[in-house]
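Peer 1: For reference, the structure I am asking about is given below.
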Amino acid sequence: MTEEKEFRAGFVALIGRPNVGKSTIMNNILGTKLSIVSPKPQTTRMRILGVKHNKDAQIIFLDTPGIQKGKDLLTKTVVESAVSSMEEADVLVMIIEADKGWTKEDEQLLHNYIEKLNKPTILVINKIDKMKDKRLLLPLIEESAKKYNFVEIIPVSAIKGQNLDDFVQTLKKYLPPSPPLFPEDQITDLPIKFYIAEIIREKVFQNTKKEIPYSAAVEVESIEEGKVKKDLLIIRANIYVEKENHKAIIIGKKGQMLKKIGKEAREELEHLLGKKIHLELWVKVKPRWKEDIRLLKVLGYQYIS
Ligand SMILES: Nc1nc2c(ncn2[C@@H]2O[C@H](COP(=O)(O)OP(=O)(O)OP(=O)(O)O)[C@@H](O)[C@H]2O)c(=O)[nH]1
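Residue numbers (our numbering): 1 to 305.
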């Protein structure tokens with residue numbers, strides 16, 4: 001009698017300080033752009049769920065935002081959401097950067113969160129393409145093995161897709177036997193409004209500098225089908241900023257900047273949703289939006305009581 005392979009399904013929390021490449025790893029594995037990727041740190045605020053469907057397994061990724069220091073409500077919410085992802089997870093994946101090695105922040109993450117949870121933890125050493133001297137990889141693996149009882153240590157390059165298959169195969173071993181937890185066509189449980197808002201926020205990020213990107217939040221107010229043309233979606237969204245001068249910068253001279261942000265977001269949304277999009281963007285000043293509980297909930301930061 002041939003032994004049939006048991007189906008496995010479970011939750012995986014990707015943990016790492018800002019900018020280690022969590023979103024890039026997840027996007028590359030899923031083959032879809034779900035969480036936003038940007039060269040600036042701390043761009044992921046929401047807990048984003050992506051599902052990888054395989055013949056014999058379903059891996060549900062919880063993309064935890066970087067654990068940050070800070071006292072405002074937004075920062076506290078982000079940390080709570082990251083911790084709750086870790087608590088829900090069957091497997092933890094800690095990510096560090098190959099070219100930087102173990103930083104103080106990585107150590108703190110390990111001691112303050114991972115060690116306390118005592119769950120099977122895989123260490124991913126990302127960005128191996130950035131290592132000038134490849135001979136340094138082995139000592140880094142050895143050093144890592146001494147720091148914690150990682151169940152596996154896997155070097156990858158998320159950007160080049162190097163070793164990610166290996167990583168996925170390894171991950172599967174640590175998932176519990178379970179029937180699929182999500183229908184096969186579902187890659188995320190994020191409501192479509194949040195997904196669209198994330199894409200618009202990404203464009204604000206890519207087009208602005210300094211503190212502006214961090215002070216902006218996007219709320220999709222409505223999505224309607226065109227009355228005459230059914231393949232047209234009319235999307236209205238608000239970009240909230242904290243100061244008048246930030247509003248002026250996002251709008252730009254003669255509205256050029258907002259036009260550019262809108263055009264880029266519209267093109268990507270048309271591509272992803274397969275429909276014509278009419279995108280209306282409004283920039284609004286909300287001085288302390290990071291302290292506004294109602295707004296944070298509307299924006300999808302759901303881990304606030
Ligand atoms: N060279 C190189 N760059 C990478 C690799 N993986 C990610 N990056 C880059 O590192 C930067 C941060 O990547 P993200 O995926 O946004 O990192 P993150 O950990 O999700 O960051 P936060 O959202 O801030 O928590 C981006 O500029 C990526 O292109 C890699 O394997 N090699």
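Think of the CB as a built atom: it goes at the ideal place given N, C-alpha and C, for glycine as much as any other residue. What you are looking at is a predicted structure, and each value in this text was computed from that prediction instead of being measured.
So which of ILE29, LEU123, ASP166, VAL12 has the shortest CA-CA distance to LEU110?
Peer 2: Answer by Cα proximity: LEU123.
Peer 1: When burial is assigned at 16 or more other CB atoms within 10 Å of the CB, is SER222 buried or exposed?
Peer 2: Exposed, by the Cβ-count rule.
Peer 1: Between VAL204 and ILE239, how many whole angstroms is the CB-CB distance? I'm expecting something under 8 angstroms.
Peer 2: About 6 angstroms separates the two Cβ atoms, so the contact holds.
Peer 1: Whole angstroms is fine: what's the gap from LYS160's alpha carbon to THR103's?
Peer 2: Spanning the two alpha carbons is a distance of roughly 23 angstroms.
Peer 1: For VAL51, is the beta carbon positioned less than 7 angstroms from some heavy atom of ligand 1?
Peer 2: Flag unset: Cβ of VAL51 not near ligand 1.
Peer 1: Along the alpha helix (DSSP H) that carries GLY262, what are the first and last residues, could you check?
Peer 2: Segment 256–273, the alpha helix (DSSP H) holding GLY262.
Peer 1: Buried or exposed for VAL156, going by 16 or more other Cβ atoms inside 10 Å?
Peer 2: Classification for VAL156: buried.
Peer 1: Given 8 angstroms as the limit, is there contact between the segment 277–291 and the segment 261–268, that is, 3 or more CB pairs closer than that?
Peer 2: Contact between the segment 277–291 and the segment 261–268 is present, because at least three Cβ pairs lie under 8 angstroms.
Peer 1: Determine the direct distance from the alpha carbon of LEU258 to that of GLY252, and round the result to whole angstroms.
Peer 2: Each residue's alpha carbon lies about 7 angstroms from the other.
Peer 1: Quick one, are the C-beta atoms of PHE150 and THR121 less than 8 angstroms apart?
Peer 2: A contact, by the Cβ cut-off of 8 angstroms.
Peer 1: How would you label ALA145, buried or exposed, when you count the other beta carbons within 10 angstroms and need 16 or more for buried?
Peer 2: ALA145 should be labelled exposed.
Peer 1: Using a Cβ-Cβ cutoff of less than 8 angstroms, which residues in the same chain neighbour ALA9 once the five nearest sequence positions on both sides are dropped?
Peer 2: ALA57, GLN58, ILE59, ILE60, LEU175, PRO176, SER178, PRO179, PRO180, LEU181, listed in sequence order.
Peer 1: Under the three-state reduction of DSSP, which class applies to LYS160: helix, strand or coil?
Peer 2: Coil, per DSSP.
Peer 1: By the three-class DSSP mapping on this structure, what secondary structure does GLU6 have?
Peer 2: GLU6: coil per DSSP, three-state reduction.
Peer 1: Three-state secondary structure (DSSP) at VAL37?
Peer 2: Because the pLDDT at VAL37 is just 47, under 50, the model does not fix this residue reliably, and the point stays unresolved.
Peer 1: Is GLY21 near LYS127, with beta carbons less than 8 angstroms apart?
Peer 2: Against a cut-off of 8 angstroms, the Cβ pair of LYS127 and GLY21 comes out as a contact.
Peer 1: Going by DSSP, what residues sit across from VAL12 in a beta bridge?
Peer 2: Partner(s): PHE61, VAL91.
Peer 1: When the distance is taken between beta carbons, is ILE141 closer than 8 angstroms to GLY16?
Peer 2: No; because the gap between Cβ atoms is not below 8 angstroms, this pair is not in contact.
Peer 1: Using DSSP's beta-bridge definition, name the partner residues of ARG236.
Peer 2: ARG236 pairs with SER222, GLU280.
Peer 1: Could you name the residues of the same chain whose beta carbon sits closer than 8 angstroms to that of LEU164, not counting the 5 residues immediately before and after it, in chain order?
Peer 2: Same-chain partners within the cutoff: ILE25, ASN28, ILE29, VAL156, ALA158.
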